[in-house]
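In what follows, a single structure is set out as structure tokens and then discussed.
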Amino acid sequence: MARTFLYLVRHGEQDSTLGHATDGGLSERGRWQADRLGRRLKGATFATMHYSPLSRAAETAEILADYLPDVPRHACDFAMDRTPVPSAEQRSEYPERFLSWLDGIPSQERDEDAVGLRAAVEHLGTADVEDRRELVVTHNFVIGWFVRHVLDAPTWRWMSLNQENCGLTVVQWDTERAPALVAFNDTGHL
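Residue numbers for the sequence shown follow this note's numbering, so the first one is 2 and each next one is one higher.
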């Protein structure tokens with residue numbers, strides 16, 4: 002039996018003076034959060050660190066890399082910030098009360114029917130022939146989607162799974178069992 006553990010991390014707190022710009026960097030608190038997480042993960046063995054190319058995630062990954070100098074890292078489109086929104090054909094899968102909010106999602110953030118997020122799960126969430134651990138520095142809705150998938154919850158349940166900045170969620174795939182949620186939104190290091 003081979004296992005894959007994905008350590009999913011939401012980036013540090015974004016600098017609010019930037020007005021929540023799509024590609025805003027970290028606040029001072031966000032850098033502190035990333036440093037605390039780095040201290041917690043120091044010495045852990047990861048095959049790789051994937052991170053969203055957006056500044057807040059890239060900066061978080063850079064801080065973590067100080068504590069994980071031997072872990073190769075790269076910007077990864079599978080970790081990109083996405084908001085899954087239903088197509089017209091899939092709207093009935095979402096509670097009516099959420100539809101107006103989803104309709105307001107800017108076009109550059111929309112992932113219709115979660116095509117991108119489904120591809121991320123398919124690419125990153127697989128067990129191979131050997132055990133491996135990978136670190137993914139990403140965004141709230143991406144982590145919510147992975148957890149929703151692992152729990153086999155209804156499509157819309159990603160919306161209620163909120164992550165703290167630099168919270169740690171661990172999901173596991175293995176070759177002989179269904180995927181499992183190992184830890185959710187662990188912030189003990191903060």
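Just so you know, even glycine gets a beta-carbon here, dropped at the ideal spot from N, CA and C.
Item, Value
"Start-to-end residues for the beta strand (DSSP E) that takes in residue 34", "It is not in any beta strand (DSSP E) - residue 34 instead sits in the alpha helix (DSSP H) that spans 29–42."
"Own chain, CB closer than 6 Å to residue 183, minus 5 neighbours either side, in chain order", "171, 173"
"CB contact flag (residue 169, residue 153, <7 Å)", "no"
"Range covered by the beta strand (DSSP E) that runs through residue 76", "74–76"
"Residue 17 CB to nearest heavy atom of the ligand MG below 6 Å", "With respect to small molecules bound, the structure shown includes none, and the ligand MG cannot be examined in it."
"CB contact flag (residue 80, residue 53, <7 Å)", "yes"
"8 Å contact criterion, which residue 74 and residue 167 should meet: CB distance rounded", "Rounded, the Cβ-Cβ distance is 16 Å, inconsistent with contact."
"CA-to-CA distance, residue 134 to residue 3, given in whole angstroms", "11 Å"
"Rounded separation between residue 93 and residue 150 - CA only", "19 Å"
"Rounded C-alpha distance that separates residue 158 from residue 89", "18 Å"
"Residue 68 (DSSP reduced to helix, strand or coil)", "helix"
"Beta-carbon proximity list for residue 60, same chain, < 8 Å, skipping 5 on both sides", "12, 13, 26, 27, 31, 32, 35"
"Best match in 29, 5, 40, 6 for proximity to residue 190 [C-alpha to C-alpha]", "40"
"Reduced DSSP category for residue 118 - H, G, I as helix; E, B as strand; rest coil", "helix"
"8 Å contact criterion, which residue 126 and residue 85 should meet: CB distance rounded", "Residue 126 to residue 85, Cβ: 16 Å. No contact."
"Rounded separation between residue 120 and residue 147 - CA only", "11 Å"
"Pairwise C-alpha distance: residue 138 and residue 145", "13 Å"
"Minimum C-alpha distance to residue 68 - residue among 143, 164, 163, 136", "136"
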